[in-house]
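**Q** The numbering used here numbers the first residue of the sequence shown as 47 and each following residue consecutively.
By construction, the Cβ of each residue, glycine as well, lies at the ideal position given by its N, Cα and C atoms.
Remember, predicted model here, so these are calculated numbers, not experimental data.
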Amino acid sequence: MLGTIAIYPIPFERMDLRAAVDILLIAILLYYLLKLLKGTRGLQMLIAVLLLLLFYEGARWAQLEMVAWLLTTLLPYFAIALIVLFQPEIRRALSRLGRNLSVGHLVGLSVAPQYDDLVLAADHFSQNRLGALIVIERDVGLRTYIESGISLDALLSYDLLISIFRPGTPLHDGAVILQGDRICAAACFLPLSLNPMISNKLGTRHRAAIGVTEESDAVALVVSEETGAISLANAGAIELNLTADRLQERLTELTGRRRQASFLPGVPAPVVRKEQ
47 MLGTIAIYPI PFERMDLRAA VDILLIAILL YYLLKLLKGT RGLQMLIAVL LLLLFYEGAR
107 WAQLEMVAWL LTTLLPYFAI ALIVLFQPEI RRALSRLGRN LSVGHLVGLS VAPQYDDLVL
167 AADHFSQNRL GALIVIERDV GLRTYIESGI SLDALLSYDL LISIFRPGTP LHDGAVILQG
227 DRICAAACFL PLSLNPMISN KLGTRHRAAI GVTEESDAVA LVVSEETGAI SLANAGAIEL
287 NLTADRLQER LTELTGRRRQ ASFLPGVPAP VVRKEQ
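(1) Short check: CB of ASP227 to CB of GLN294, under 8 Å?
(2) Taking only three categories from DSSP, how would you classify LEU176?
(3) For PRO213, collect the residues of the same chain with a Cβ closer than 8 Å to its Cβ; drop the 5 residues on either side in sequence, then sort them by chain order.
(4) Can you tell me the Cα-Cα spacing of GLU271 and LEU92, whole angstroms?
(5) State the DSSP-derived secondary structure class of GLU183, mapped to helix, strand or coil.
(6) Need the endpoints of the alpha helix (DSSP H) that ARG212 sits in, please.
(7) Could you tell me which uninterrupted alpha helix (DSSP H) segments, each at least 4 residues in length, are contained entirely in the segment 91-141, listed from first to last along the chain?
(8) Using the beta-carbon count (16 or more within 10 Å), is TYR191 buried or exposed?
(9) Along the chain, which unbroken stretches of the alpha helix (DSSP H) at least 4 residues long are found entirely within the segment 212-265?
(10) Closer than 6 Å by C-beta to GLY274: which residues in its own chain qualify, once you throw out the five before and the five after it? Chain order, please.
(11) Determine the burial state of GLY104: buried for a count of at least 16 other Cβ atoms within 10 Å of its Cβ, exposed for fewer.
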């Protein structure tokens with residue numbers, strides 16, 4: 047299999063439109079692959095694979111038959127191992143691809159729910175140092191995590207959030223998941239991020255917030271029980287120490303509209319707001 051792996055030379059005199067498109071597509075593919083793996087353990091593993099392939103080509107060039115035979119035998123199994131190890135990255139990439147190709151995404155259609163009560167509740171939690179973890183579902187469904195908690199299906203309100211995260215209540219531990227302006231479930235379990243770049247100062251709630259945004263396009267709000275700091279996780283990254291006003295701005299930016307232009311020429315990207 048690896049006998050076919052080699053540098054693909056394109057002589058200058060053979061450069062035509064097809065060859066240019068070929069090179070451009072490969073460059074785009076590599077760019078998005080590196081962008082996907084940036085800041086994850088997958089980037090180091092990808093570099094290791096490339097070095098191994100270069101070593102293999104060097105062994106062939108130097109006619110080191112035993113080394114080349116050993117690598118030819120082992121590397122196919124190594125490729126299977128990479129698929130297993132890269133499961134989170136592969137799942138995330140396929141999820142983003144499906145989201146980008148969805149009908150609503152193609153025409154730039156989105157819904158802009160109001161999260162005033164959520165911001166007020168977060169400010170209350172911050173001032174009183176009450177821990178909270180709230181996830182806002184966007185395009186990618188969170189059914190797996192919703193089913194791990196207790197179903198509520200209630201209208202989002204300040205009082206309900208305060209009741210849920212009051213210490214000692216059955217729903218205090220775990221995450222609340224929102225679908226639009228409704229609280230879908232509480233006491234939900236979320237995946238913890240395994241990103242080694244995350245600071246050791248961040249606790250389980252923060253790792254869970256980052257983890258769910260790595261697996262989906264959700265936005266996760268965290269209030270630290272120790273410091274009262276408000277944080278917001280999105281796309282595997284987290285913004286720390288937000289004020290209530292800044293939180294309101296970021297929620298509007300992330301859930302109120304899509305910044306991408308429509309994929310359909312001449313069709314604007316409208317923002318559909320729910321009736322109050």
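**A** Answer, in terms of the structure:
(1) Taking the sequence shown and counting its residues from 1, the one referred to as residue 227 is at position 181. Taking the sequence shown and counting its residues from 1, the one referred to as residue 294 is at position 248. No, these two residues do not count as a Cβ contact at 8 Å.
(2) Residue numbering aside, residue 176 sits at position 130 when the sequence shown is read from its first letter. In the displayed model, LEU176 falls within coil according to three-state DSSP, outside both helix and strand.
(3) Position 167 of the sequence shown, counted from the first residue, corresponds to residue 213. Within the same chain, PRO213 has close Cβ partners LEU176.
(4) If you number the sequence shown from 1, residue 271 lands on position 225. If you number the sequence shown from 1, residue 92 lands on position 46. If I take the Cα positions, the gap works out to 38 Å.
(5) Translated into the one-based positions of the sequence shown, residue 183 becomes position 137. Looking at GLU183 - three-state DSSP - the assignment turns out to be strand.
(6) As a working mapping, residue 212 is identified with position 166 in the sequence shown. No alpha helix (DSSP H) contains ARG212, which DSSP labels as neither H nor E.
(7) Entirely contained in the segment 91-141, the alpha helix (DSSP H) runs reaching 4 residues are, in chain order, 111-131.
(8) As a first step, residue 191 must be located in the sequence shown, where it is residue number 145. It counts as buried.
(9) 250-261
(10) Here residue 274 is taken as the residue at index 228 of the sequence shown, counted from 1. So the qualifying residues of the chain are SER172, ARG175.
(11) For the purposes of this step, residue 104 is taken as residue 58 along the sequence shown, with counting starting at 1. That one is exposed.
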